[in-house]
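Under my numbering, the first residue of the sequence shown carries the number 3, and numbering increases by one thereafter.
C-beta: ideal position from N, C-alpha, C; glycine also.
The structure presented is a predicted model; accordingly, all values stated were derived computationally and were not measured.
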Amino acid sequence: MKQIFLLLVALIALTPNAVVGEFRVGAAAVVITPPNGTPMAGYYRKRLSEGTLDELYSKAVVFERDGVKAAVVVCDILTLPRHTIESARKLIEAQTGMRGENVMIAATHSHTSPVVSGENTRDKLDGGDTEAALKFTENLPRLIAQSVVEANQKLAPARGSATAAYEDGVSFNRRFWMRDGSVSWNPPKQDKSIIRPAGPIDPEVGFLYFDTPQAKPITSVINFALHSDTTGGQKFSADYMGHLSRLLAEYKGREMLTLFALGACGNINHRDITWADNQKGVAESFRIATSLAGALNRSWGKLQPFEPAKIQVRSEIVKLPTAPINDGDIVKANEILQRLTDPKTMFTEQVKTFQVLDIAARRGQPLEVEVQVIALGKDVAFVSLPGEVFVELGLSIKQASPFKHTFIVELANGSIGYIPNKSAYPEGNYEVISARCAAGSGEMLVSSALKLLEDLYRQ
Ligand SMILES: [Zn+2]
């Protein structure tokens, strides 16, 4: 009886034309590039945009089976505050009937994208209080929702296939053990005092492909752990993931949309310290994109069909303790705030100042963050993590996950900034100085993710 009831519920919830037991996928992209003059994010200073190298998008893929829908959205944005996620989910729910909590919304971390205002004491420094930034921030949830609405309208019978490609030549752990016993961050290239990297990289390139039963391409979803800060300058660009999307479309056709879900890359960037080249600019981002496209293009033949028997979504709110600060830290932060743009103020002092002010503003309240898992059958799962996550944490989820293909999606459903692994805290330096969450927070997120993955796998 219960089964008949559930079947009826499923039938009522089905989109017109959908058939019970049928897997459907739709994908769409909406341009989100704001006008010139809008402040850009990412560098602890105000940079007003002077043009557009390539468009920024909100890209959405919607999955449907038996009345259950879930969506993954990626935006060419540095980071997305929680209020943007909440507003976008409300609009999506109102405009599609899909449950807002079934939507994962992530940032690609492009450092040539506009500032999204809110939630951070650093906003003002990057121009988050300007009219242009506030206008963009207000518009963004509507544009995100529009991408999901359009993907939802395009839902069509689909097949899914998956594989893991491999590329170990473009990403590097950016923390290094030095001869004096310290751990440095992005040390000068070819510095003789470097001993070795302080951590690993993740060379796996997650690769999902969806097409129609008639083999018409719908979308590829790619997952890789590498900071997107290769282009630089004052023109908008989606960085290497934008080029990658266009390169894959050259093989599969322009109707195939590529979504790039950013893996756990809090301590991973493209800087090869053994190479004297400065590795910055459009050519560099194109070089990285062509390398990844090569790895993916070598893997089309390795894609294995998977059965998205059931679409399941589950989330958990995790309360993370804030990093410890004392009264002296607050006094010092307020003092540095007065001479923030003084050339004598060190970068780490700026970083520490905003860390202290953000934590002080919480008055001891923990950081409440969401961990979300979207599972497609028993082969594929997406895990959202709410910040810039150290690669070690992403690797531990992937290694212990019961799913064959686990996509770690960082900077998803909000951001609390850097999330180092526990052993990095005593080593210190940039990401640790910047982290709002206390040591052990990353491991709490790993436990939550693994619990959700196990629960959904056993269903
Ligand atoms: Zn970053």
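- Secondary structure of Leu-80 (DSSP, three-state): coil.
- Looking at the DSSP output, Glu-370 shares a beta bridge with Lys-321.
- Val-391 and Ala-266 do touch by the CB rule: their CB atoms are close to 4 Å apart, below 8 Å.
- Set against 6 Å, the gap from the CB of Glu-351 to the closest heavy atom of ligand 1 is not smaller.
- Taking 7 Å as the cut-off, the beta carbon of Asn-188 is found no closer than this to the beta carbon of Arg-198.
- At least one heavy atom of ligand 1 sits closer than 6 Å to the Cβ of Glu-390.
- Counting of Cβ neighbours within 10 angstroms places Val-333 among the exposed residues, the total staying below 16.
- In the structure shown, Gly-330 falls within a helical segment according to DSSP collapsed to helix, strand and coil.
- Counting along the chain, His-407 sits inside the beta strand (DSSP E) bounded by residues 407-411.
- A straight-line Cα-Cα distance of about 19 Å links Gly-416 and Tyr-45.
- CA-CA distance, Gln-192 to Gly-183, rounds to 18 Å.
- Rounded to the nearest whole angstrom, the CA to CA distance from Leu-387 to Val-353 is 22 Å.
- Ala-437 carries a coil assignment under DSSP once its states are collapsed to helix, strand and coil.
- Shortest Cα-Cα distance from Ile-421 to any of Val-172, Gly-99 and Leu-322 involves Leu-322.
- Around the beta carbon of Val-33, a 10 Å sphere encloses fewer than 16 other beta carbons of the protein chains shown; the residue is thus reported as exposed.
- Residue pairing by DSSP places Asp-213 opposite Arg-161 and Pro-219 in a beta bridge.
- Distance from the CA atom of Ala-108 to the CA atom of Val-118, rounded to whole angstroms, is 13 Å.
- Below 8 Å, enough C-beta pairs join the stretch 222-230 and the stretch 262-279 to call them touching: three or more.
- In the DSSP assignment, Arg-67 falls within the unbroken beta strand (DSSP E) covering 59-67.
- Here Glu-445 carries a helix assignment [DSSP, helix/strand/coil].
- With fewer than 16 neighbouring CB atoms inside 10 Å of its own CB, Gln-306 falls in the exposed class.
- Judged by their CB atoms, Ile-435 and Thr-350 are nearer to each other than the 7 Å cut-off.
- A contact is defined here as three or more CB-CB pairs under 8 Å, and the stretch 19-30 meets this definition with respect to the stretch 160-167.
- Counted as a single uninterrupted DSSP element, the beta strand (DSSP E) harbouring Ile-107 occupies residues 105-109.
- In the pairwise beta carbon analysis, the stretch 72-88 is classified as touching the stretch 55-64: at least three pairs are separated by under 8 Å.
- For the pair of segments examined, the stretch 230-247 was found to touch the stretch 290-305: the number of CB pairs separated by less than 8 Å reaches three.
- By the C-beta criterion, the stretch 309-322 is judged not to be in contact with the stretch 394-406, since fewer than 3 inter-stretch pairs fall below 8 Å.
- By the neighbour-count definition (other C-beta atoms within 10 Å, threshold 16), Lys-254 is a buried residue.
- Between the stretch 93-104 and the stretch 332-346 there are fewer than three inter-stretch CB-CB distances shorter than 8 Å, so the stretches are not counted as touching.
- Here the alpha carbon of Arg-460 sits roughly 44 Å from the alpha carbon of Met-42.
- With a beta-carbon spacing of about 18 Å, Thr-86 and Ala-240 fall beyond the 8 Å limit used to define contacts.
- As the crow flies, the alpha-carbon of Asp-170 is around 31 Å from that of Pro-83.
- Note that the C-beta distance between Asp-274 and Val-393 is not below 7 Å.
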